[in-house]
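Under the working numbering, the first residue of the sequence shown is numbered 405, with each subsequent residue one higher.
Just so you know, even glycine gets a beta-carbon here, dropped at the ideal spot from N, CA and C.
Keep in mind that this is a model prediction, so the values were computed, not measured.
Written below as structure tokens is the structure these notes are about.
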Amino acid sequence: MSGNAVRLQAINNVEAYVPPAVSFVAGEEPGEVFGSNVFTKAEMQARLPKSVYKSIVATIEKGTKLDPAVADTVAVAMKDWALEKGATHYAHVFYPMTGLTAEKHDSFLEPISDGQTLAEFAGKTLIQGEPDASSFPSGGLRSTFEARGYTGWDVTSPAYILENPNGNTLCIPTVFVSMTGEALDYKTPLLRSQQAMGKHAERVLKLFGHKDLNHVVSFCGPEQEYFLVDRHFFLARPDLVNAGRTLFGAKPPKGQEFDDHYFGAVPERVLGFMMDTERELFKLGIPAKTRHNEVAPGQFEIAPMFERANIASDHQQLLMTIFKTIAKKHGMECLFHEKPFAGVNGSGKHVNFSMGNSELGSLLVPGDTPHENAQFLVFCAAVIRAVHKFSGLLRVSVASATNDHRLGANEAPPAIISIFLGEQLADVFEQIAKGAATSSKGKGTMIIGVDTLPPLPTDPGDRNRTSPFAFTGNRFEFRAPGSGQTVAVPLIILNTIMADSLDYMATVLEKAVADGEDFDHAVQRLLTDIITEHGAVVYNGDGYSEKWQIEAAQRGLPNLKTSLDAIPELIKPESVELFEKYGVFNERELHSRYEVRLEQYALTIAVEAKLALEIGTTVILPAAIRYQTELAQNVATLKKAGVEASTVALEAVSTPIAELQEGLAALKSALSDHSAETALAEATHAQKELLPAMAAVRAAADTLESVVADDLWPLPTYQEMLYIL
């Protein structure tokens, strides 16, 4: 089909959309569904001998070593449960440095004599698998001829059943390491970092009188933003199919300027999709809590409740897979790219972070009188020190070619990492800096002026949506992560820098107590020192303002505007020292991630550049020339008839056609005429040469979209994709 036939057909198909059969069961309560496809503690308790169950629970809750002797018993119980659930295969699920999910499925069936088979699943199979390690990004840790890698069971993250209309699979969350024990994934360093943070958090808590504690872990609740578009439009856009974002597209007459989409009524089709996904999430024990429209048209959000960080990370990967699958079932495509559409808000994945355990709950709850809550203030001060000292690492944790489109614009936090504490806590720490905190602002009451409405309690401070790292009452919200990335990387960084801060604070306080100093006095002195040295990172103002850019520089806060500015932070000597000290990464593992980040950055932009060249040459330019030819023929016909002919329309299309042709030639040259010997050189070429060349091509193409006759324009427009759903 030529001209706008594809677009018209897509619109007709959207209009003819018939919702899929609902999976909702009347009278079924969420509690009945929740965790029904998970090998939960309750399931283990019912199926395992008491001693084996206690051993597993001790590993999960207290961080004790897993006893290999219990593996066979657990494997048999897990296999029996999975077979009852209709599973035919099992898979070790892991998260290589692609940032995506990887898995290899094996059948439970084992052949025995006389052509018979038996369902088998041994302890050694549960504990360890062996996928090929040479075909994943390794940043030099593995060569093509060094293929051996191992997966290892993460007992702290429960196994689950992944359903498919043609059969079910038992999925076992695992780590992925090389034959030398070096991490080839994100889960291994996440577990290492959590262990390090927990160790030093427990040292601090013991100083406050807590004994025999369950293991302290970090918790995470990631808020996932995403776009939905009809698949008929999606499939007619080669850029969306191959790059996840539109490389071309003129701004529509209406965008998000009316502020009418945020928290608006969810469209019926989208709500059906949300309900369908939530039911699947509930089955898998993923505690989805909130759903709503986001700011941009076609943009939405789901927010789960807090979970242990490594489980939250696993669930986040699983959530993205489920959303992609169920969106197709509803005739839509779910887009997790950080900036699929220019001119409207992009998508993020806010990482809500806290620490605690089953006995104490969150350690970041200030209480009604935070100035008197010394334990909270110590942990809060640890965050302030960590973020100030290692802001570059936090920035690199969200660095990618895709997130560069979003960070620093007036829709997402700036690249400058600062902390918003809120009015109440900022005041408390200001008092501490001056000597001692003696008061804190309490909650108030709002009288609305309507007799039928009760007085509403108000918080002691406002929220600040422009801050990249904000305290929100019982947690810190890291708002810079991109919607398409794994949350494991920010969590690894947060855990590690918190381990450093808590180690420092525990050491100072332990020495003070050993030297006979009053503990309360030592805490006060420590808090004063930290806020004096690291208070520059606290900023409660407008993070979008130019004033803040200037002030941040005066405070000495780094402004790593692009990913290429940030990625080298990984291999700075102080970074290597930090990660090696706490056993999270060795130097080779850090360098591998540095190389992989650069490779992914360069490859992402190179693929987009090739797509832009192809679409510009074979789709947009022919449509524009066809229209130019029509106009030229019209002018010639009028002149031949002796009628004065205006060439305004012809000139309006001819100029951007020439610019497009020139831009495509420059882009083609930028793609072919270079050689790079290092990953950094390749990434730098992508940033300095390919991105500007693509921008020039897009500018000309978007101008053409606004002047070429609609019946000739071949690509679905923003107006259609964002508003016809």
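Could you check what DSSP says for Arg411 in three-state terms: helix, strand or coil? helix
If the criterion is Cβ atoms closer than 7 Å, does the pair Leu895 and Cys624 meet it? yes
Count the other CB atoms within 10 Å of the CB of Tyr1127; is the residue buried (16 or more) or exposed (fewer)? exposed
Own chain, CB closer than 8 Å to Leu594, minus 5 neighbours either side, in chain order: Ala713, Asn714, Ser717, Ala892, Leu895, Ile896 and Asn899
Can you give me the C-alpha to C-alpha distance between Thr966 and Pro671, rounded to a whole angstrom? 36 Å
Backbone secondary structure at Gln703 - three-state DSSP: strand
Provide the residue(s) that pair with Trp557 in DSSP beta bridges, ordered along the chain. Thr578
Rank Val1000, Gly648 and Gln779 by C-alpha distance to the C-alpha of Thr502 and give the top, closest one. Val1000
So Ser1076 is in the alpha helix (DSSP H); what residue range does that whole segment cover? Val1052 to Ser1076
Does the beta-carbon of His696 have 16 or more other beta-carbons within 10 angstroms, so that it is buried, or is it exposed? exposed
Go ahead and label Arg546 buried or exposed: buried means 16 or more other beta carbons lie within 10 angstroms of its beta carbon, across all protein chains shown. Caution is warranted here: a pLDDT of 48 is assigned to Arg546, below 50, making its placement in the model unreliable, and no coordinate value can be reported.
For Gly1020, which option in Pro642, Val497 and Arg411 has the closest C-alpha, if you only look at C-alpha atoms? Pro642
In angstroms with no decimal places, state the Cα-to-Cα distance between Thr681 and Ala840. 50 Å
Among residues of its own chain, excluding the 5 on either side of Thr890, which ones have a beta-carbon nearer than 6 Å to its beta-carbon? Gly503 and Tyr590
Please go through the same chain and pick out, in chain order, the residues whose beta-carbon is closer than 7 Å to the beta-carbon of Thr1107, but skip the five residues on each side of it. Pro1060
To the nearest angstrom, report how far apart Ser622 and Ile1029 are at their CA atoms. 58 Å
Put Arg992 into one of helix, strand or coil per three-state DSSP. helix
I need the straight-line Cα distance from Tyr908 to Glu978, nearest angstrom please. 15 Å
Residues in its own chain within less than 6 Å of Gly533 by CB, not counting five upstream and five downstream? His496 and Thr555
Rounded to whole angstroms, what is the Cα-Cα separation between Arg929 and Val800? 32 Å
Along the chain, where does the beta strand (DSSP E) containing Gln660 start, and where does it finish? It is not in any beta strand (DSSP E) - Gln660 carries neither H nor E in the DSSP assignment.
7 Å Cβ shell around Glu1124 - same chain, five flanking residues per side excluded: Arg411, Ile415 and Phe637
Could you spell out where the alpha helix (DSSP H) holding Phe612 opens and where it closes? Unbroken run through Phe612: none, as it is neither H nor E.
Report buried or exposed for Ala816, applying the criterion of at least 16 other Cβ atoms within 10 angstroms of its Cβ. buried
Short of 7 Å in beta carbon distance, which residues of its chain neighbour Trp557, apart from the five on each side in sequence? Order them along the chain. Leu530, Ile531, Ile576 and Thr578
Pick from Gly407, Glu507, Phe686 and Lys508 that is closest to Glu433, judged by C-alpha positions: Phe686
In whole angstroms, what is the alpha-carbon distance linking Leu470 and Thr463? 6 Å
For the region 614 to 689, which segments carrying the alpha helix (DSSP H) assignment without a break, of at least 4 residues, lie completely within its bounds, in sequence order? 635 to 639, 642 to 647 and 672 to 687
From Gln1091, Ala1036 and Glu711, residue whose alpha carbon lies closest to that of Val1006: The amino acid at residue 1006 is misidentified as Val; the sequence shows Ala. Out of Gln1091, Ala1036 and Glu711, Gln1091 has the C-alpha closest to the C-alpha of Ala1006.
Contacts around Ala1104, its chain only, beta-carbon distance under 6 Å, and the 5 residues preceding and following it disregarded: Pro1060, Glu1063, Leu1064 and Gly1067
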